[in-house]
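*Asks:*
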Amino acid sequence: MDKFESLRAFTRVVEAGGFAAAAREMGLSRSVVNKYVHQLEHLLGTQLLRRSTRQVTPTETGLAFYARSRQILSELDEAISTVTELQENPTGELRVNAPMSFGTLHLAKLAADFMATYPDVHVELVLNDRFIDPLEEGFDVTVRLGKTQYASSLISREIGPVKRVLCASPAYLKDQGEPAVPKDLKNHRCLHYGYLASGTQWPLHGPDGPLSASINCVMWSNNGEVLKSAALKHQGIALLPTFIVGATLQNGQLRTVLNNYAPVDITLSALYPRHRHLSTKVRLFVELLVQRFGERPYWDLVQ
């Protein structure tokens with residue numbers, strides 16, 4: 100007995116309202132469809148359908164079984180489609196949105212590698228540092244940093260933590276001195292990342308737990324590379340993610356300060372529409388994001 104074919108026959112009979120109509124839809128003879136349903140009723144030990152010369156209707160048990168059968172068959176079809184699609188090459192356009200600095204420094208190379216692996220996928224990579232509605236603007240994948248509020252029609256996949264540091268140039272620290280405790284930041288030139296306004300506080304985590312340090316903000320920008328450039332020009336202390344300053348920390352152009360008071364990590368996430376059957380190109384792209392930028396991203400590894 101083919102249980103799945105019996106389930107399909109039963110659900111088609113319920114939906115078509117009779118054996119003859121169900122048989123036509125399935126491309127089978129009426130006797131075969133009837134046999135499938137009889138086998139199912141025998142297996143379950145109960146009557147699923149009321150049969151008359153005019154119509155076929157489900158019993159109370161049959162109605163409950165029909166609802167569950169539809170769900171099982173839908174999940175089976177989805178599983179088959181997923182495996183089939185994974186065996187095929189992904190194609191078509193993939194629209195991706197990401198923050199400017201992260202996109203320029205890291206995502207651009209990943210997108211190029213993705214296209215080299217899947218040449219039939221055409222990537223549109225849109226970079227900006229403003230808040231967007233991924234659904235309204237039609238993006239397949241949106242890369243976000245930090246806490247994100249998103250609609251229930253979106254899935255948020257955590258890629259990994261993003262480490263942040265307080266850093267300045269050796270020349271600045273030689274000239275201005277190095278802060279020993281967070282309250283010293285009030286007497287230093289601080290370079291602040293912000294989208295809508297300059298900052299007055301930096302959230303840190305010290306030996307005694309979380310704290311908020313008051314700062315003397317002399318420059319703010321919604322682009323981290325702008326602040327890195329200012330720090331490299333000896334203009335102050337910046338709080339920046341290591342994906343922006345990792346290389347300059349490793350080559351000594353910048354140095355970390357207040358190492359016992361770490362800035363709170365933020366999270367790198369990927370948002371994509373909540374579909375019952377996720378397209379292969381989106382799934383593969385998100386998996387590559389996790390693989391490349393996950394728990395230990397390359398920019399945090401000592402060269």
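In the numbering used here, the protein residues as written are 100 to 402. Ideal placement from N, C-alpha and C gives every residue a C-beta, glycine not left out. Predicted model, so just to flag it, every value in this text is computed and none were measured.
In terms of alpha-carbon separation, which member of Asp399, Ala361, Val242 lies closest to glycine 308?
*Replies:* The shortest C-alpha separation from glycine 308 is found at Ala361.
*Asks:* Consult DSSP for histidine 333 and reduce its assignment to one of helix, strand or coil.
*Replies:* Here histidine 333 sits in coil by DSSP.
*Asks:* So valine 356 and glycine 335 are supposed to be a Cβ contact under 8 Å. How far apart are they, rounded?
*Replies:* Not really, about 11 Å apart at Cβ, beyond 8 Å.
*Asks:* Figure out for me which residue from Val261, Lys246, Pro260, Asp232 has the closest Cα to the Cα of serine 252.
*Replies:* Comparing Cα-Cα distances from serine 252 to each of Val261, Lys246, Pro260, Asp232, the minimum goes to Asp232.
*Asks:* Give me the residue from Gln275, Pro372, Leu387, Val381 with the minimum Cα distance to glutamate 235.
*Replies:* Of the listed residues, the one whose Cα sits closest to glutamate 235 is Pro372.
*Asks:* Sorted by chain position, which residues of the same chain lie with C-beta nearer than 8 Å to leucine 383's C-beta, five sequence neighbours on each side aside?
*Replies:* Excluding sequence neighbours, leucine 383 sits near Pro189, Phe213, Tyr217.
*Asks:* Return the residue from the list Leu400, Thr341, Asn350 that minimises the CA-CA distance to phenylalanine 201.
*Replies:* The residue with the shortest Cα to Cα distance from phenylalanine 201 is Thr341.
*Asks:* Restricting to runs no shorter than 3 residues, where is the beta strand (DSSP E) found entirely within the stretch 101-150?
*Replies:* Segments of the beta strand (DSSP E) lying fully in the stretch 101-150: 148-150.
*Asks:* Roughly how many whole angstroms lie between the Cα atoms of arginine 354 and leucine 348?
*Replies:* The straight-line gap from Cα to Cα measures roughly 6 Å.
*Asks:* Output the distance between the C-alpha atoms of lysine 273 and alanine 267, rounded to the nearest integer angstrom.
*Replies:* The straight-line gap from Cα to Cα measures roughly 10 Å.
*Asks:* Can you give, in chain order, each stretch of the beta strand (DSSP E) that sits fully within the stretch 346-373 and has at least 3 residues?
*Replies:* Entirely contained in the stretch 346-373, the beta strand (DSSP E) runs reaching 3 residues are, in chain order, 365-372.
*Asks:* Kindly confirm or deny that the stretch 102-109 and the stretch 155-173 touch, where touching means at least three C-beta pairs closer than 8 Å.
*Replies:* They touch, by the three-pair rule.
*Asks:* Quick check on leucine 400: buried or exposed, where buried means 16 or more other Cβ atoms within 10 Å of its Cβ?
*Replies:* Per the 10 Å Cβ criterion, exposed.
*Asks:* Assuming lysine 282 and asparagine 315 make a contact with CB atoms under 8 Å, what is their CB distance in whole Å?
*Replies:* Not confirmed; about 11 Å, so no contact.
*Asks:* Does the Cβ of arginine 229 have 16 or more other Cβ atoms within 10 Å, making it buried, or fewer, making it exposed?
*Replies:* Exposed, by the Cβ-count rule.
*Asks:* What are the start and end residues of the beta strand (DSSP E) that includes threonine 190?
*Replies:* No beta strand (DSSP E) contains threonine 190, which DSSP labels as neither H nor E.
*Asks:* What residue range does the alpha helix (DSSP H) around threonine 379 cover?
*Replies:* That run of the alpha helix (DSSP H) goes 379-392.
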